[in-house]
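S.K.: The numbering of the sequence shown is the working numbering, which starts it at 948 and goes up by one.
From the three backbone atoms N, C-alpha and C, an ideal C-beta is built for every residue, glycine too.
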Amino acid sequence: MSVTMAVSMRSLVRRVIPLSHRHINVSGRTSCRCLSDAAADRSTHFGFETVPEAEKAKRVYKVFENVAQKYDVMNDAMSLGIHRLWKDTLLHVMNPQSGAQLLDVAGGTGDISFRFLEYVRSQQERQKRRAVRTMQTPSWQEISNSYSTEDKDVPQESRAVVCDINKEMLRVGKQKYESAGVSAGLSWVVGDAEELPFDDDQFDIYTIAFGIRNVTHIDQALQEALRVLKPGGRFMCLEFSKVTNPVLAR
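What follows is the structure, encoded as structure tokens:
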């Protein structure tokens, strides 16, 4: 398992994308799959099988559509609950601050997004408690000042967008959190990692947890990540792998 973070997405994309795709527009608002006429004949991996590129997305969609209702339970069973520790580590490395805007691609049932919002809220509560301790016994003037500046100190609301190509996974996740009374700050959007339905420079953090393996054209997904991230935004990938690319390994 590895947590991969690339601070400079532009540098990452330039090194990872093959030269054969050099004509793809990175900065434009409209994404473009600049593939050759032979794309339909290309093959890729799906589990232990080799399948045509055009078939992979359909197979991935079908798998997750079938397991959506049991997906969270399956994660616990197959990893013996360890996936929770990995996700906690991801959030610790991320250390999001108040006002951060997250895009969770291949977000499924929203586990990463929920943890992100909980982390930000816990940080805010910790800061409030610290402020109360340091104030001790304030003067009347300090109390008055705190009321007059209250609105100015309200941090921008952090938001998380769960983006997944599978409608059933999103439906299950949304239903789960709404049933638990947790919906503030969460949005659910059907979207393809290779053609994201968002404008440029929208997000501070882009995460993809155990999902990049299911992307057919990873170079295209990286370009889309660069496009929707704000300047200086962070790309974070959680995946089962041994990182061999020195850029990604940092």
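Nearest to GLU1186 by alpha carbon, out of ASP1166, HIS1164, PHE1157?
M.R.: Cα-wise, what sits closest to GLU1186 is PHE1157.
S.K.: When DSSP labels each residue in this structure, what does GLU1141 get in the three-state scheme?
M.R.: Correct three-state label for GLU1141: coil.
S.K.: Taking THR1154 as the reference, give the member of LYS1121, LEU1049, TYR1066, ASP1146 with the closest Cα.
M.R.: Per the Cα distances, LEU1049.
S.K.: Put PRO1178 into one of helix, strand or coil per three-state DSSP.
M.R.: If DSSP states are grouped into helix, strand and coil, PRO1178 belongs with the strands.
S.K.: According to DSSP, is ASP1166 helix, strand or coil?
M.R.: Residue state, collapsed to three classes: helix.
S.K.: Straight-line CA distance for VAL1129 to GLY1057?
M.R.: Taking the straight line from one Cα to the other gives about 11 Å.
S.K.: Distance, Cα to Cα, ARG1181 vs PHE1150?
M.R.: Taking the straight line from one Cα to the other gives about 9 Å.
S.K.: Would you check if the segment 1134-1151 and the segment 1161-1168 touch, i.e. whether three or more CB-CB distances between them fall below 8 Å?
M.R.: Judged by Cβ distances under 8 Å, the segment 1161-1168 makes contact with the segment 1134-1151, as three or more pairs qualify.
S.K.: Residues in the same chain with beta-carbon distance under 7 Å from SER1060, minus the five sequence neighbours each way, listed in chain order, please.
M.R.: Around SER1060: LEU1049, ASP1051, GLY1054, ALA1107, VAL1109, LEU1133.
S.K.: Could you check if PRO1043 is buried or exposed, using at least 16 other CB atoms within 10 Å of its CB as the buried criterion?
M.R.: Classification of PRO1043: buried, given that the 10 Å Cβ count is 16 or more.
S.K.: Since VAL1201 and ILE1112 should fall inside the 8 Å C-beta cutoff, what is the C-beta to C-beta distance between them, to a whole number of angstroms?
M.R.: Nothing in the structure corresponds to residue 1201, since the chain is present only between 948 and 1197.
S.K.: Smallest Cα separation from LEU1064: which of VAL1079, SER1045, ARG1076?
M.R.: Here the closest residue by C-alpha is SER1045.
S.K.: In angstroms, rounded to a whole number, what distance separates the CA positions of THR1163 and VAL1079?
M.R.: When rounded, the distance between both Cα atoms is 51 Å.
S.K.: Could you tell me the alpha carbon to alpha carbon distance between LYS1121 and TRP1135, rounded to whole angstroms?
M.R.: When rounded, the distance between both Cα atoms is 7 Å.
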